[in-house]
Each structure stands twice: as structure tokens, then as C-alpha cells.
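Read through the structure below, which is laid out as C-alpha cells, and then see the notes.
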Amino acid sequence: MRKRFFSLIIFMAVLLSSPLGGYSCHASSLDSAMDSLTQQITSEIAGSEKKRVAVVDLTDLDGKASELGKFVAEEILNRLFRAGEVRVVERRFIKKVVTELKLQKSGVIDERSARKLGKLLGADTLCMGTIAELQRSVKINARLIDAETGSIFAVASAVVDKKDLPSVWMPEQPEGKRTLSNINDSMESNYLRNGGFQQRYNFWTRSVGDIQNGFSQAEIISFSHGKSGKALHLRHRGEGYIQFFQAVPITGPDLLFTASFQASSKEGAIHAFSGSGAAQIGLQYFDDRNNKLGETILINYVKNPFADTPLFGVPRRSPDTYKTHYIEFNGDRFNQNYQINIRQEIESNLLGIDPESIRFIAVVIWCGANHAQSGSEFWVTDLSLKGK
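In my numbering, the protein residues as written are 325 to 712.
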């Protein structure tokens, strides 16, 4: 069993570059539109040597906020963060500053307010824009503003088919009355989006590995054991893996991670000599420069019977370190509302991490194996990351 098998690695798909300001007149799927839009933004920022970006909620043409505008801003921020080419400002900090400057209601940011906003956020670039509703699609227009001069230096556009939009397409509701259909946890209280998979794969990014040797399947199923009534169901056999992940900005480590899950990991026909499948939920911690600080990994696998002996060459799980903590859980048993206190986890088990330096947390759902005859199966639902 290769040691690297048990390490969680986030793979980013290579995005095809396209000229900034150019877009297809045909409506795209939501994911492809967000990828295209972010690639345009990334290319232009790289060319301008900008280093720190603040993504402001997009508005409608009248300058009014919407849930879709927040969703698009979140998607752009997450993709910029995963690309790792620029630093991004935490969105909750942006919201606080925008509110203090009384820009939220007007939706208008002029040259003067752009300079002030950039200074308060420590950003050299502001990314903002509008969303226009067309007959069968919506057009997203993003603008990049130089925070030092307050002038626009680039634009980007994408068109999304309305049928591919999540249920966040609705006007802003008064504070305290805002709801999202088909989502149990409100956006304000739960950092994770679509943790119950009621919106299928929205907000989650998928990647696979070793496609020549292994085989994976993913589906959203009805799941009566979970609160949401839905679950992500993964199956994998042979070498390789399938994973889904979501990276979110946070305001501090005083959070409670909750998940409900069940796993089944199988070895091959020859006991102790045909590898193992593995199912994992990983929490990866990043600082404001997108540097990975460490991780907590919930894992189920078939332990080799010789793993606790000094026998040389026996496949073993990677050991715990000051920055990596493994938590093994039994398979074939449903773990309902399993909880991890983030601050307590870091202060007790990850002593190489300063909890106050964490600015992003990535949740990674991973299912894979390291032998042609081994495999794994995973059911996951009701994921949340909330303030305590």
C-alpha cells in the first residue's frame, strides 16, 4: 500500500484560457460559465501583477443585491482561491466593511469609494459586477477595478442558462426573513453550501485520479437516515479515487463541523496482500495566503494485520504529525451527526498550527483504493460548518 495513497490532494482542472471580455453568446452550464469567468479574471490579474483581490457581491442592473449575486461572488472567490495565483479577501470581512461604508443599499461604488474600500480591505483589486436577466438565460458581467485609482482596468462576461441555475435565483429578502428553498441550513449560519446535497452537486467540485486503472461512480440518492433526505453516494474499485471538495472562507476557528456518513472498505481476494479501499472526509486548513497549514482526516480502511508489528515493508497508514491528525472510524455503521470542534481539534491534536491563522477550510470527501481488487463505498450527508 503506497504511503501517498492516504494523502488528500486537491487536483485543479486546467482551464482553457480565453481573451478577457470575450464570451460565447450561447448559454453555458453554471460550472463551465463560472470556470470561464474566473479564468478571464485570473488571466487579466496575472497580466497586471495584482496580488490581493476582494470579490464584492454582484447586483442587478438597478444596483440591488440578490442571492444569485452572492452565489456568483462566492464561486469566483472559491475558484480564485483554489487556483492559488492571487490572495483573496475573506467575504465576511468584505460584507462588514461594505455595510460600514453604507454601500450595500445603494449598490453603487464610485472611484472615491472604491479607493476607500480597497484601502480598508488591504486589496489592490476589486472584483464586482452585475447580473442581467434575459429571456432564457442570465448574463454575468464582472469588472476589475484598480483600488488605487478607482478605475476599471478589465471586464469579463459569461452567460448561464436559467435551467442550470440553483434555487438561489431570487430577490433579496428583508433581514431575518430570507430563505433558500431546498436548503435546511441558512447561508448566514452555515459556511458550507448544499451540505445535504438537495441541490445535487452545486457548490462542490469533483476530481478523479488514475482513470486508466480504476472505476468510480457518483450519484445523489434518497436517504431517509439524513435530515436533508438526500446523500452523496460514492463507489470505487481498483486503483485511483474520486473526490468532491468545497473550500470556504471563515472568520475564525470557533466552529463546529458536523457530518453524517457511512462507509464500506474492501480488500482483495488475498488477505493482507491485495491492498485496501478507503473512504475519507478531510478538513484542510489554509491561511490568508492560501498556504495549507494542516488537516484532519476521518478515515475508514482495511487495516493490514501486520501493521502493528515491526515487520519491514508492511503497508501502513501514514502516521499522525503536528499538522496531520487521522481519526479512524468503523465501516458498515451509520455515524449520525458526527461532530468535530475545530478549535479543540487544533489545540489538542494539531499543535503545529496556530488556530488564529486559519482563514479557509476545505472539506474533502474522498473514496478510493490502491489495488485492482480492492474498493470502497461511501454515503455522506448533512455536512455543516457553523459557529458555536
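Idealized CB from N, CA, C, for every residue including glycine.
(Q) The beta strand (DSSP E) that contains Lys487, what's its start and end? (A) Working through the sequence shown from its first residue, we reach residue 487 at position 163. No beta strand (DSSP E) contains Lys487, which DSSP labels as neither H nor E.
(Q) Count Cβ pairs between the region 664–675 and the region 514–528 that sit closer than 8 Å; are there 3 or more? (A) no
(Q) Going by DSSP, what residue range makes up the alpha helix (DSSP H) through Asp706? (A) Taking the sequence shown and counting its residues from 1, the one referred to as residue 706 is at position 382. Run containing Asp706: none in the alpha helix (DSSP H); it sits in the beta strand (DSSP E), Gly699 to Gly711.
Q) So Arg460 packs on Asp485, CB below 8 Å; how close in whole Å? A) Numbered from 1 along the sequence shown, position 136 holds the residue referred to as residue 460. Numbered from 1 along the sequence shown, position 161 holds the residue referred to as residue 485. That belief holds up - the Cβ atoms of Arg460 and Asp485 are roughly 7 Å apart, short of 8 Å.
Q. Could you give the C-beta distance for Ala571 and Val704, rounded to a whole number, given that I count them as a contact under 8 Å?
A. Along the sequence shown, read from residue 1 onward, the residue named residue 571 stands at position 247. Along the sequence shown, read from residue 1 onward, the residue named residue 704 stands at position 380. Their Cβ separation, rounded to whole angstroms, is 17 Å, which puts Ala571 and Val704 out of contact at 8 Å.
Q.
In the DSSP assignment, the alpha helix (DSSP H) including Ser367 goes from what residue to what residue?
A. Mapped onto the sequence shown, residue 367 falls at position 43. First-last of the alpha helix (DSSP H) with Ser367: Leu354 to Ser372.
Q: Could you give the DSSP three-state label for Val379: helix, strand or coil?
A: By 1-based counting over the sequence shown, the position of residue 379 is 55. Val379: strand per DSSP, three-state reduction.
Q. For Lys616, which beta-bridge partners are listed by DSSP?
A. For the purposes of this step, residue 616 is taken as the residue at position 292 of the sequence shown. Phe610, per the DSSP bridge assignment.
Q | Ser600, DSSP secondary structure in three states | A | Walking along the sequence shown from the start, residue 600 turns up at place 276. Correct three-state label for Ser600: coil.
Q: Can you tell me which of Val379, Lys616, Asn614 and Phe653 puts its alpha carbon nearest to the alpha carbon of Tyr781?
A: Outside the modelled stretch of the chain, which goes from 325 to 712, sits residue 781, for which no answer is possible.
Q) Taking three-plus beta-carbon pairs below 8 Å as touching, is the region 671–678 in contact with the region 387–395? A) no
Q.
Tell me the DSSP secondary structure of Lys443 in three-state form.
A. Position 119 of the sequence shown, counted from the start, is the residue given in the question as residue 443. DSSP places Lys443 in helix when its eight states are reduced to three.
Q: Tell me whether Ala456 is buried or exposed, calling it buried when 16 or more other Cβ atoms sit within 10 Å of its Cβ.
A: Counting from 1 along the sequence shown, the entry for residue 456 is found at position 132. The residue in question, Ala456, is exposed, as its Cβ has fewer than 16 Cβ neighbours within 10 Å.
Q: Could you work out which residue in Val483, Ala447, Ile464 and Ala482 is closest to Gly474 when comparing CA atoms only?
A: Position 150 of the sequence shown, counted from the start, is the residue given in the question as residue 474. Here the closest residue by C-alpha is Ala447.
(Q) Quick check: the Cα distance between Ser589 and Glu563, rounded to an integer number of angstroms? (A) What you label residue 589 is simply residue 265 of the sequence shown in a count that begins at 1. What you label residue 563 is simply residue 239 of the sequence shown in a count that begins at 1. Taking the straight line joining both Cα atoms gives about 13 Å.
(Q) Using 7 Å as the threshold, is the C-beta distance between Val377 and Cys451 below it? (A) Taking the sequence shown and counting its residues from 1, the one referred to as residue 377 is at position 53. Taking the sequence shown and counting its residues from 1, the one referred to as residue 451 is at position 127. Yes.
(Q) Going by DSSP, what residue range makes up the beta strand (DSSP E) through Val413? (A) For the purposes of this step, residue 413 is identified with residue 89 of the sequence shown, where counting begins at 1. Val413 -> no beta strand (DSSP E), and no H or E assigned at all.
**Q.** Length of the line joining the Cα atoms of Asn526 and His560
**A.** Stepping through the sequence shown from its first residue, residue 526 is reached at position 202. Stepping through the sequence shown from its first residue, residue 560 is reached at position 236. For Asn526 and His560, the distance between alpha carbons rounds to 22 Å.
Q.
On the CB-based measure, 16 or more other CB atoms within 10 Å of its CB, does Lys388 come out buried or exposed?
A. Translated into the one-based positions of the sequence shown, residue 388 becomes position 64. Residue environment: Lys388 is assigned as exposed (fewer than 16 neighbouring CB atoms within 10 Å of its CB, all protein chains considered).
Q. Quick one: what's got a C-beta closer than 7 Å to Ile574's C-beta in the same chain, skipping five residues either side?
A. Residue mapping note: residue 574 aligns to position 250 of the sequence shown, counting from 1. Tyr515, Ile682, Arg683, Phe684 and Ile685, listed in sequence order.
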